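Residue numbers (this note's numbering): 16 to 334.
Using N, Cα and C, we set each Cβ at its ideal position, and we do this for glycine too.
No experiment lies behind these values; they were computed from the predicted model shown.
What follows is one structure encoded as structure tokens, with my remarks underneath.
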Ligand SMILES: Cc1cc2nc3c(=O)[nH]c(=O)nc-3n(C[C@H](O)[C@H](O)[C@H](O)COP(=O)(O)OP(=O)(O)OC[C@H]3O[C@@H](n4cnc5c(N)ncnc54)[C@H](O)[C@@H]3O)c2cc1C
Ligand code: SF4
């Protein structure tokens, strides 16, 4: 594939290009998609030289601002993030391999495309504009158990799950100005648009990820079940932010990866966490109620049990 490679140095320059060409940050996902002919383009906009988008800034009680071009490896090494948001460090360490973390950026991680093998393969499925989802009636072991239809992907980003549990916001900039949306509103379900995973329109760029100041006294963790012990995408993952008092969970949030087309959080689950006694019977009753509304596919019912067991493990470890 022949394409021109444009390297603007300011965001204004990107807008002047007036182009909906794909943005290239670390390229670890984009290049694969282009090589596999999933993205066909005659132009790529390298955003790596855009000034000011590779910084992490501590804004005191206004939280922490993370530039989308911050590399995943630099997020892990950053002292502010280590001190104020260990959940993000723990999650980032779970992503891929050191080489990919050195290249891949935070913005690219949350905007990466799904890993469904039909989508990545030579199948003209619904997400590519076709009219068939090959996972239905096909190999759907790794697909979603909730929120699917007409496409049944799971969102592949680990960071997105932690950012959801942390109540982060995403700043989006376009020629027409800026808007900031909660992570929950950034990602969309296939029923809203089965061809994309988030609200970004052509010409819009993620320019900041904003972490609110974290309340004191919460324990956090990220647990990721993967099939291989080396690098791999999550089969199911859970990010937890919990406040405990003796043998009671006073308050908390659970966000899930690997279960839905976007990082998943349910108000009902978090309400049930409030006041939950951490004795075995109460925790068992709580975990067995999780994903009672799931609609697993033929080969992935195991994800319901897996999600429940991961939550049990988290509560046992943190409480
Ligand atoms: C072998 C392998 C294993 C992996 N394992 C994991 C894993 O375990 N967990 C996990 O979470 N991820 C995993 N990944 C995904 C990896 O983390 C992403 O490829 C990487 O984070 C993407 O970052 P990038 O900067 O290279 O993005 P790019 O490839 O440059 O871009 C990815 C997408 O994001 C868009 N984009 C990038 N920046 C912006 C922006 N600022 N605004 C708007 N759009 C933007 C691009 O246009 C493109 O569509 C894996 C990838 C590979 C290849
Ligand atoms: S799950 Fe989505 S991406 Fe995968 S084959 Fe079905 S429509 Fe395509």
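Please write down, chain order preserved, every residue whose beta carbon lies under 5 angstroms from a heavy atom of ligand 2. This selection yields 131, 133, 134, 140, 141, 142, 148, 149, 150, 166, 167, 168.
With distances taken from CA atoms, which of 80, 98, 326, 291 is nearest residue 305? To locate residue 305, count along the chain shown from 1; it is residue 290. Considering only alpha carbons, the answer is 326.
Which partner residues does residue 202 have in the DSSP bridge list? Looking up residue 202 in the chain shown gives position 187. By DSSP's assignment, residue 202 forms a beta bridge with 213.
Just the Cα atoms here: how many angstroms apart are residue 40 and residue 154? Along the chain shown, one-based indexing puts residue 40 at 25. Along the chain shown, one-based indexing puts residue 154 at 139. A straight-line Cα-Cα distance of about 31 angstroms links residue 40 and residue 154.
Can you say whether residue 200 is buried or exposed, counting buried as having 16 or more other CB atoms within 10 angstroms of its CB? The sequence position of residue 200 within the chain shown is 185, counting from 1. The C-beta of residue 200 has fewer than 16 other C-beta atoms within 10 Å across all chains shown, which makes the residue exposed.
Starting from residue 332 and walking both ways along the alpha helix (DSSP H), at which residues does that stretch end? Locating residue 332 in the chain shown gives position 317, counting from the first residue. Its alpha helix (DSSP H) spans residues 317-333.
Answer yes or no: the CB of residue 16 versus the heavy atoms of ligand 1, is any distance below 7 angstroms? The residue you call residue 16 lines up with position 1 of the chain shown. Shortest gap from the CB of residue 16 to any heavy atom of ligand 1: 7 angstroms or more.
Taking 8 angstroms as the cut-off, decide whether the C-beta atoms of residue 134 and residue 140 are in contact. Locating residue 134 in the chain shown gives position 119, where the first residue counts as 1. Locating residue 140 in the chain shown gives position 125, where the first residue counts as 1. Going by beta carbons, residue 134 and residue 140 fall inside the 8 angstroms limit.
With a cut-off of 8 angstroms on the beta carbons, I'd call residue 58 and residue 36 a contact; round off their distance for me. Taking the first residue of the chain shown as position 1, residue 58 is located at position 43. Taking the first residue of the chain shown as position 1, residue 36 is located at position 21. About 4 angstroms separates the Cβ atoms of residue 58 and residue 36, confirming a contact at the 8 angstroms cut-off.
Please state whether DSSP places residue 66 in a helix, a strand or coil. Here residue 66 is taken as the residue at index 51 of the chain shown, counted from 1. Looking at residue 66 - three-state DSSP - the assignment turns out to be coil, as it is neither helix nor strand.
For residue 292, the three-state DSSP class (helix, strand or coil): Against the chain shown, residue 292 aligns to sequence position 277. Here residue 292 sits in strand by DSSP.
Inter-residue CB distance, residue 185 and residue 198 (contact presumed, cutoff 8 angstroms): Numbered from its first residue, the chain shown carries residue 185 at position 170. Numbered from its first residue, the chain shown carries residue 198 at position 183. Indeed they touch by this definition, with Cβ atoms about 6 angstroms apart.
Between the CA atoms of residue 235 and residue 260 - distance to the nearest angstrom: Within the chain shown, numbered from 1, the residue matching residue 260 stands at position 245. Within the chain shown, numbered from 1, the residue matching residue 235 stands at position 220. Residue 260 and residue 235: Cα-Cα distance of roughly 15 angstroms.
Examine ligand 1 and report whether any of its heavy atoms sits within less than 7 angstroms of the Cβ of residue 300. Translated into positions along the chain shown, residue 300 becomes position 285. Not one heavy atom of ligand 1 falls within 7 angstroms of the beta-carbon of residue 300.
Is the distance from the Cβ of residue 250 to the Cβ of residue 157 below 8 angstroms? Looking up residue 250 in the chain shown gives position 235. Looking up residue 157 in the chain shown gives position 142. A Cβ-Cβ contact shorter than 8 angstroms links residue 250 with residue 157.
How far does the beta strand (DSSP E) with residue 192 in it reach, from first residue to last? The count along the chain shown starts at 1 and reaches residue 192 at position 177. Element bounds for residue 192: 192-197.
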